[in-house]
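Engineer:
Protein chains: 4
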Amino acid sequence: MKFPRKKLKSDIVLVETDKITMHGLDLCQDILGKVNLGDMAFFQLEGRMPTPQESAVFNAITVTLVEHGMTPSAIVARMTYNGSPESMQGAIAAGLCGMGSTMVGAMEDAARMLQEAIPDPKARIDVDALARQVVAKCKANGVTIRGIGHHFHTPIDPRAPRLFEIARANGFDGPYVKLMQAIAKAAEPPTFVNAPGAIGAISSELGLPWQIVRGIGSMSRAIGLIAHIREEIRDPMTREIQFRVEEEATEHLRGKRDKS
Amino acid sequence: MKFPRKKLKSDIVLVETDKITMHGLDLCQDILGKVNLGDMAFFQLEGRMPTPQESAVFNAITVTLVEHGMTPSAIVARMTYNGSPESMQGAIAAGLCGMGSTMVGAMEDAARMLQEAIPDPKARIDVDALARQVVAKCKANGVTIRGIGHHFHTPIDPRAPRLFEIARANGFDGPYVKLMQAIAKAAEPPTFVNAPGAIGAISSELGLPWQIVRGIGSMSRAIGLIAHIREEIRDPMTREIQFRVEEEATEHLRGKRDKS
Amino acid sequence: MKFPRKKLKSDIVLVETDKITMHGLDLCQDILGKVNLGDMAFFQLEGRMPTPQESAVFNAITVTLVEHGMTPSAIVARMTYNGSPESMQGAIAAGLCGMGSTMVGAMEDAARMLQEAIPDPKARIDVDALARQVVAKCKANGVTIRGIGHHFHTPIDPRAPRLFEIARANGFDGPYVKLMQAIAKAAEPPTFVNAPGAIGAISSELGLPWQIVRGIGSMSRAIGLIAHIREEIRDPMTREIQFRVEEEATEHLRGKRDKS
Amino acid sequence: MKFPRKKLKSDIVLVETDKITMHGLDLCQDILGKVNLGDMAFFQLEGRMPTPQESAVFNAITVTLVEHGMTPSAIVARMTYNGSPESMQGAIAAGLCGMGSTMVGAMEDAARMLQEAIPDPKARIDVDALARQVVAKCKANGVTIRGIGHHFHTPIDPRAPRLFEIARANGFDGPYVKLMQAIAKAAEPPTFVNAPGAIGAISSELGLPWQIVRGIGSMSRAIGLIAHIREEIRDPMTREIQFRVEEEATEHLRGKRDKS
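Chains as they are written, first to last, in my numbering: chain A, 1 to 260; chain B, 1 to 260; chain C, 1 to 260; chain D, 1 to 260.
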């Protein structure tokens with residue numbers, strides 16, 4: 001093989017000594033001081049600034065994902081920071097590594113299910129019939145429908161109706177949102193849409209491909225993890241957790257030794 | 001040792017079945033749809049919503065850090081995604097792992113230098129004298145002053161004056177900003193403040209402890225990395241990079257074999 | 001919900017002040033100085049020391065995975081180290097994040113395919129008939145058969161026959177190895193088993209569940225990455241790579257600016 | 001700037017279609033089936049195979065580091081796997097991210113202290129005098145001496161004397177080992193060498209530069225983490241941990257709500 005075989009090419013940014021240009025905008029003059037972080041994220045992903053309606057909706061879904069308590073990602077980031085305080089970036093990275101198929105994967109799976117069911121959001125569809133088809137297909141394939149129900153937030157996930165309300169107020173309650181809601185009703189037994197389902201649906205309305213929806217979870221949670229690390233610095237809890245776990249998990253081995 | 005020895009305690013959020021409460025605010029009613037992602041980050045870190053002035057300044061420093069071209073973090077995230085497309089979170093995490101002392105560490109070091117030089121930002125100080133002291137102390141200890149000069153953005157880093165302008169317009173050009181600027185002038189040879197220096201100074205004005213300043217870089221860059229991964233999905237470049245590197249780096253070994 | 005709902009329990013090790021006990025062996029007296037790292041890995045995974053035959057075979061598959069040139073994992077670890085030299089652990093971690101479905105996933109997929117085809121390795125099977133079934137099933141499901149062929153090591157992957165030779169010499173060329181070889185022959189077009197395929201098959205012979213086979217790749221490559229980092233410290237190459245990539249990838253954007 | 005400015009070059013391996021060559025050895029013919037994983041690690045790091053004595057000592061220090069109970073790295077890897085079961089590599093990576101300055105950093109710091117105190121291991125030194133100097137210098141600089149004492153393994157760390165015994169039996173109890181032991185005695189109050197101290201000293205005897213000693217911890221622990229993940233798959237404990245932590249850590253917030 002002879003190289004180069006392909007020209008490397010990126011359209012994201014041009015960094016020059018005196019100027020940083022992104023999709024025709026000058027970072028310093030056109031963006032800094034005028035754009036909030038959520039809009040910048042939309043701009044970075046889409047290559048254009050959001051409309052006020054897109055901004056409202058996109059900021060809402062990212063804000064939802066920042067924090068959700070003592071999740072594995074939060075405990076992991078805290079523990080990792082204590083082992084490697086020289087490397088806050090590593091603690092955040094470790095926390096993100098666990099934001100996968102079990103948690104934010106539900107957003108991705110919901111978005112994929114919706115985008116595969118509605119390849120063209122402008123086409124006319126019979127939402128209820130399509131929902132029944134999706135449910136039947138998942139059942140036939142032994143696939144769990146994601147984005148509906150919740151082990152803890154029950155009988156309703158309070159984030160979903162609020163997100164749908166924001167979407168509707170901004171004109172983003174189109175076919176993906178309607179299908180997601182219809183799927184929850186068509187499920188056996190009928191249930192409610194949860195936050196990942198709402199985010200998967202609204203992301204689809206915004207035109208985000210399902211392949212990058214999981215990334216929305218990573219970027220938002222990265223923010224949340226810093227607050228956990230900051231609290232861990234001020235009032236550490238992970239050593240106590242570790243010692244308790246060690247003590248309890250090996251009690252049966254200690255018992256053996258005492259008997260022998 | 002007997003456990004528990006300490007009560008675990010976190011003030012960040014209370015997640016209940018029907019309600020998520022953060023520092024007295026109801027996530028669904030008081031935050032979603034009303035707060036942008038940058039303000040949410042400030043809220044998450046500080047436990048209170050920013051003033052409009054704080055919002056302007058904090059969003060500006062985070063937006064600055066989202067994207068800076070084909071940095072190691074961008075290349076790393078793209079390469080990692082190609083090896084593990086099932087795990088976008090791992091690709092983002094890998095990209096963040098390299099956002100350490102060399103790059104965003106300059107922000108942290110600048111913030112630390114400033115916060116140690118001015119423990120109380122309300123005290124009266126002689127900025128120029130203090131700057132000379134800081135420069136002399138760094139010289140005596142063989143420590144490189146960080147946050148000044150730039151290997152590429154020279155003779156000025158265009159982001160720094162713009163950030164200082166935003167800080168001034170919002171009343172955040174206090175002693176840390178002044179000291180940072182004075183340090184650049186007092187350095188040998190005199191030079192300019194760069195973006196990490198400006199961010200370190202403005203973060204200090206906002207009251208962020210230097211220990212978490214590096215995290216601002218991680219959370220902002222996490223956003224940028226998703227756009228790189230999205231571009232890599234559409235128009236991949238990392239395999240070409242890998243093959244070229246392999247080819248060139250082992251040419252001398254291949255040569256040996258041909259001769260033998 | 002009331003907690004605790006479940007007792008925490010681990011059988012891996014008992015760490016006491018004066019003694020560390022693993023599966024009945026005293027780390028200091030029974031293991032250190034007597035066991036090599038590969039055998040320790042087997043012991044750690046299986047809870048018992050390998051036989052000499054198992055040791056030969058297990059060490060061979062792990063040794064195979066240590067190093068494979070300027071792979072993405074190697075470039076990533078080097079780049080990450082340069083950004084975060086304070087955190088070698090983060091550089092190794094970043095390198096491992098990319099050892100996923102594309103690369104070592106082939107080992108996992110091959111092992112899974114074999115273990116699902118032969119749930120009981122002691123049962124009598126018609127290897128060629130079973131191979132044809134597996135190939136037909138993959139074709140029907142649109143699934144690519146993994147562990148066979150190679151984009152670069154062609155018309156043969158030199159590691160596979162050597163690994164099979166070692167397996168045979170030690171009595172581990174049972175049904176999984178035979179099936180893997182038969183699948184390569186039954187494929188359309190017929191091809192050869194590659195190193196991941198051989199490792200997937202031999203791991204199955206050793207009784208390792210397919211769910212952990214990917215981990216064998218991670219642990220072995222972690223070793224390889226340290227040598228890359230060490231070389232990067234002595235003779236760095238990643239900044240040069242980064243600068244070249246940046247220059248080439250944004251050339252078209254620079255062009256635009258010059259014209260405007 | 002014009003590129004290329006530097007030729008990329010790596011001496012680690014030449015991967016050709018039919019042959020993989022490392023430092024003059026053919027991977028398939030000369031290494032596989034003949035070399036254990038610990039010796040391969042030494043070979044990969046040093047570019048030559050170890051002597052039997054080096055093999056004994058190097059394998060012993062790596063084996064020591066494989067497993068140490070319910071450490072943060074083990075809990076982190078388990079939690080991360082549960083969130084991202086599609087990515088075992090990410091779980092191992094997350095676990096490694098926390099193997100930093102707090103834990104394995106002690107090995108690195110001890111090795112650095114010794115190597116800086118004895119730049120030339122062949123020079124004649126007065127060990128006791130040098131130990132007193134090192135202790136005095138650390139005290140003067142406010143630096144904690146690492147590699148001595150232990151919060152849990154007390155009044156002795158059983159791994160250290162065993163590692164020193166193995167080192168002595170193989171001729172690796174030279175000046176670094178002697179200095180480490182003398183430093184423990186010269187410390188205020190006098191104490192014992194712990195496992196990280198012994199490993200830092202013995203690594204120095206083997207000629208490993210202190211900059212890569214931390215990597216020995218990462219590669220060894222990567223092995224240990226797979227066993228934890230395997231156990232977590234069979235008998236999960238991390239969700240229980242997470243639920244207990246959440247419940248206890250937010251009890252005071254729940255209390256507030258009940259009163260209001």
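Beta carbons: idealized from backbone N, C-alpha and C, even for Gly.
Everything numeric in this text was worked out from a predicted model, so none of it was measured.
For a test of the three-state rule: what should DSSP assign to valine 143(B), helix, strand or coil?
Structural biologist: Coil at valine 143(B), not helix or strand.
Engineer: If you compare alpha carbons, which of Ile125(D), Val13(D) and Pro236(D) is closest to glutamate 247(B)?
Structural biologist: Here the closest residue by C-alpha is Val13(D).
Engineer: List the residues of chain C that proline 4(D) touches, going by C-beta distances under 8 Å, in chain order.
Structural biologist: Correct list: Glu240 and Arg244.
Engineer: When we look at the beta-carbon of proline 190(C) and count the other beta-carbons within 10 Å, is it buried (16 or more) or exposed?
Structural biologist: Looking at its Cβ environment, which holds fewer than 16 other Cβ atoms inside 10 Å, proline 190(C) is exposed.
Engineer: Can a CB atom of chain B be found closer than 7 Å to the CB of glutamine 44(A)?
Structural biologist: Yes, glutamine 44(A) lies at the interface with chain B (some Cβ there is under 7 Å from its Cβ).
Engineer: Which chain F residues are close to phenylalanine 152(B), counting only those with a beta carbon under 7 Å from its beta carbon?
Structural biologist: Included in the structure are the protein chains A, B, C and D, with no chain F among them.
Engineer: Which residues, taken in chain order from the segment 82 to 106 of chain B, show a beta carbon closer than 9 Å to some beta carbon of chain D?
Structural biologist: The residues in question are Gly83, Ser84, Glu86, Ser87, Gln89, Gly90, Ala93, Ala94 and Cys97.
Engineer: In this structure, how does DSSP classify lysine 185(B) when only helix, strand and coil are distinguished?
Structural biologist: Three-state result, lysine 185(B): helix.
Engineer: Please work out which residues of its chain come closer than 7 Å, Cβ to Cβ, to alanine 91(C), disregarding the five sequence neighbours upstream and downstream, and give them in chain order.
Structural biologist: For alanine 91(C), where only same-chain residues beyond five positions count, the Cβ hits under 7 Å are Ala77, Thr80, Tyr81, Ser84 and Ile229.
Engineer: Can the beta-carbon of tryptophan 210(A) be found less than 7 Å from the beta-carbon of arginine 124(A)?
Structural biologist: No, the pair does not count as a contact, with Cβ atoms beyond the cut-off.
Engineer: If the cut-off is 8 Å on Cβ atoms, which residues from the segment 39 to 67 of chain B count as contacting chain A, listed in chain order?
Structural biologist: Correct list: Asp39, Met40, Ala41, Gln44, Leu45, Ser55, Ala56, Asn59, Ala60, Thr62, Val63, Thr64, Val66 and Glu67.
Engineer: For chain D, check one thing: does any of its Cβ atoms lie closer than 7 Å to the Cβ of alanine 110(A)?
Structural biologist: For alanine 110(A), the answer is no, since every Cβ of chain D falls outside 7 Å of its Cβ.
Engineer: Quick one: what does DSSP say isoleucine 20(C) is sitting in, helix, strand or coil?
Structural biologist: In this structure, isoleucine 20(C) counts as strand in the three-state DSSP scheme.
Engineer: Where do the N-terminal and C-terminal ends of the alpha helix (DSSP H) with glutamate 54(C) fall, by residue?
Structural biologist: Note, glutamate 54(C): alpha helix (DSSP H), 52 to 64.
Engineer: Tell me the DSSP bridge mates of leucine 25(B)?
Structural biologist: DSSP lists Met22(B) as partners of leucine 25(B).
Engineer: Does alanine 249(C) get closer than 7 Å to chain B when you measure Cβ to Cβ?
Structural biologist: Closer than 7 Å to some Cβ of chain B, the Cβ of alanine 249(C) qualifies, so yes.
Engineer: Between alanine 74(C) and the rest of its own chain, which residues show a CB-CB distance below 6 Å, the 5 nearest in sequence each way excluded?
Structural biologist: Closer than 6 Å at the Cβ level, and outside the excluded window around alanine 74(C), lie His228.
Engineer: On the DSSP letters alone, give me the boundaries of the alpha helix (DSSP H) that proline 161(B) sits inside.
Structural biologist: Taken as a continuous stretch (DSSP letters only), the alpha helix (DSSP H) holding proline 161(B) covers 159 to 169.
Engineer: Check whether the Cβ atoms of glycine 198(A) and alanine 160(A) lie closer than 7 Å to each other.
Structural biologist: The amino acid occupying residue 198(A) in the given sequence is alanine; glycine does not appear at that position. Against a cut-off of 7 Å, the Cβ pair of alanine 160(A) and alanine 198(A) comes out as a contact.
Engineer: Take the Cβ of valine 177(C) as the centre, count every other Cβ of all protein chains shown within 10 Å, and call the residue buried at 16 or more, exposed below.
Structural biologist: When all chains shown are included, valine 177(C) counts as buried.
Engineer: What first and last residue would you give for the alpha helix (DSSP H) that runs through glutamate 231(A)?
Structural biologist: From DSSP, the alpha helix (DSSP H) with glutamate 231(A) extends over 210 to 234.
Engineer: Using the rule of at least 16 other Cβ atoms within 10 Å of the residue's Cβ for burial, across every protein chain shown, is glutamine 181(C) buried or exposed?
Structural biologist: So glutamine 181(C) ends up on the buried side.
Engineer: Could you check where the alpha helix (DSSP H) with methionine 99(D) kicks off and where it finishes?
Structural biologist: Where methionine 99(D) is concerned, there is no enclosing alpha helix (DSSP H), given that its DSSP letter is neither H nor E.
Engineer: If you run the structure through DSSP and keep just helix, strand and coil, what is isoleucine 12(D)?
Structural biologist: Three-state DSSP puts isoleucine 12(D) in coil, outside helix and strand.
Engineer: Nearest CA to the CA of histidine 153(C): which residue from Lys7(D), Lys6(D) and Val15(D)?
Structural biologist: Among Lys7(D), Lys6(D) and Val15(D), the Cα nearest to that of histidine 153(C) is on Val15(D).
Engineer: Along the chain, where does the alpha helix (DSSP H) containing asparagine 82(B) start, and where does it finish?
Structural biologist: First-last of the alpha helix (DSSP H) with asparagine 82(B): 72 to 83.
Engineer: Compute every distance between the C-beta of alanine 186(D) and the non-hydrogen atoms of the ligand SAM, then say whether any falls below 6 Å.
Structural biologist: For the ligand SAM, the structure offers nothing, since it holds no ligand at all.
Engineer: Buried or exposed for valine 135(B), going by 16 or more other Cβ atoms inside 10 Å?
Structural biologist: Burial call: buried.
Engineer: Could you tell me the alpha carbon to alpha carbon distance between leucine 37(D) and serine 204(D), rounded to whole angstroms?
Structural biologist: Taking the straight line joining both Cα atoms gives about 21 Å.
Engineer: Out of curiosity, what's the CA-to-CA distance linking methionine 99(D) and serine 87(C)?
Structural biologist: Straight-line Cα distance between these residues: approximately 9 Å.
Engineer: For the alpha helix (DSSP H) that contains aspartate 109(D), what are its first and last residues?
Structural biologist: Where aspartate 109(D) is concerned, the enclosing alpha helix (DSSP H) stretches over 105 to 117.
Engineer: Hey, out of Lys19(B), Phe3(B) and Lys185(B), whose CA is closest to glycine 69(A)'s CA?
Structural biologist: Comparing Cα-Cα distances from glycine 69(A) to each of Lys19(B), Phe3(B) and Lys185(B), the minimum goes to Lys19(B).
Engineer: Locate the alpha helix (DSSP H) running through arginine 239(D), then write down its first and last residues.
Structural biologist: Looking at the DSSP string, the run of the alpha helix (DSSP H) that includes arginine 239(D) is 238 to 249.
Engineer: Just how far apart, CA to CA, sit lysine 185(C) and serine 101(B)?
Structural biologist: Cα to Cα, lysine 185(C) sits roughly 52 Å from serine 101(B).
Engineer: Using 8 Å as the Cβ pair cut-off and three pairs as the minimum, do the segment 30 to 45 of chain D and the segment 214 to 234 of chain C touch?
Structural biologist: Yes: the two stretches touch, three or more of their Cβ pairs being nearer than 8 Å.
Engineer: If we cut at 7 Å on Cβ distances, does serine 10(D) have a partner in chain B?
Structural biologist: At least one chain B Cβ lies under 7 Å of serine 10(D).
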